[in-house]
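One structure is given here, and the rest of the page talks about it.
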Amino acid sequence: MKLRFSTKKEEFDCKKWHSKCDDKGKTLIIIKTKDNYIFGGFTSIGFKKDKRWIYDSNSFIFSLRNDKNDRKPEKLSIKKGQESNAIYSHSDYGLLFGNDIYLLSNLQPGYSNTGVYYNIPNEITPRSNEAKNYLTGSYNSWVVDELETYFI
3 MKLRFSTKKE EFDCKKWHSK CDDKGKTLII IKTKDNYIFG GFTSIGFKKD KRWIYDSNSF
63 IFSLRNDKND RKPEKLSIKK GQESNAIYSH SDYGLLFGND IYLLSNLQPG YSNTGVYYNI
123 PNEITPRSNE AKNYLTGSYN SWVVDELETY FI
């Protein structure tokens with residue numbers, strides 16, 4: 003595993019991130035918010051230079067730390083039938099794992115709507131407030147503190 007990009011070392015700029023991280027294959031992204039949520043996503047295909055949705059049946063998102071509801075680390079796989087919406091690639095956008103994790107070009111703010119393209123625990127209703135807050139604590143007001151991108 004090789005660290006390719008870290009906001010600890012450089013300011014996030016989506017064009018710079020895409021220039022370093024597109025077309026590199028298997029990619030793992032780990033995000034920490036100012037509220038100490040830690041989550042991210044994995045794609046076995048990787049982000050591409052061209053503007054499009056990317057099919058990836060092995061993609062998943064995950065939660066490593068969620069202080070509000072004391073959940074254990076959890077892996078959320080792509081929903082069957084939604085593999086063609088696993089990630090969205092566009093050099094003017096930030097990072098998109100379906101519509102479940104969406105970062106704007108400057109990372110601020112982030113959006114989360116867990117359960118749209120990726121599975122969520124059975125007890126959570128898709129598109130509910132609980133689903134929107136599941137990974138990040140908030141639908142659209144969470145702020146990235148750190149972001150790291152690894153190639154595997």
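Everything in the sequence shown is counted per this note's numbering, starting at 3 for the first residue and increasing by one. Glycine included, C-beta positions come from ideal geometry on N, C-alpha and C. Keep in mind that this is a model prediction, so the values were computed, not measured.
{"Query": "Near the ligand COA: Gly-43 beta-carbon under 7 Å from a heavy atom", "Result": "As for the ligand COA, it is missing from this structure, which has no ligand bound."}
{"Query": "Residue from Thr-29, Leu-66, Lys-50 whose Cα sits closest to the Cα of Leu-78", "Result": "Leu-66"}
{"Query": "C-alpha distance - Glu-85 paired with Lys-36, whole-angstrom precision", "Result": "30 Å"}
{"Query": "Cut-off 7 Å between Cβ atoms - residues of its own chain near Glu-132, not counting five sequence neighbours on either side", "Result": "Ile-126"}
{"Query": "CB-CB length for Phe-62 against Ile-80, believed under 8 Å", "Result": "6 Å"}
{"Query": "Bridge partners - Trp-144, DSSP secondary structure assignment", "Result": "Gly-112"}
{"Query": "Nearest-angstrom beta carbon gap, Asn-68 and Tyr-113 [assumed within contact, 8 Å]", "Result": "With a Cβ gap of about 17 Å, Tyr-113 and Asn-68 do not count as contacting."}
{"Query": "Glu-12 at chain B interface by Cβ criterion, 8 Å", "Result": "Among the chains in the structure shown there is no chain B, since it carries only a single protein chain."}
{"Query": "Identified DSSP bridge partners for Trp-55", "Result": "Tyr-90"}
{"Query": "Residues bridged to Phe-44 (per DSSP)", "Result": "Leu-30, Phe-62"}
{"Query": "Where the alpha helix (DSSP H) through Glu-132 begins and ends", "Result": "131-135"}
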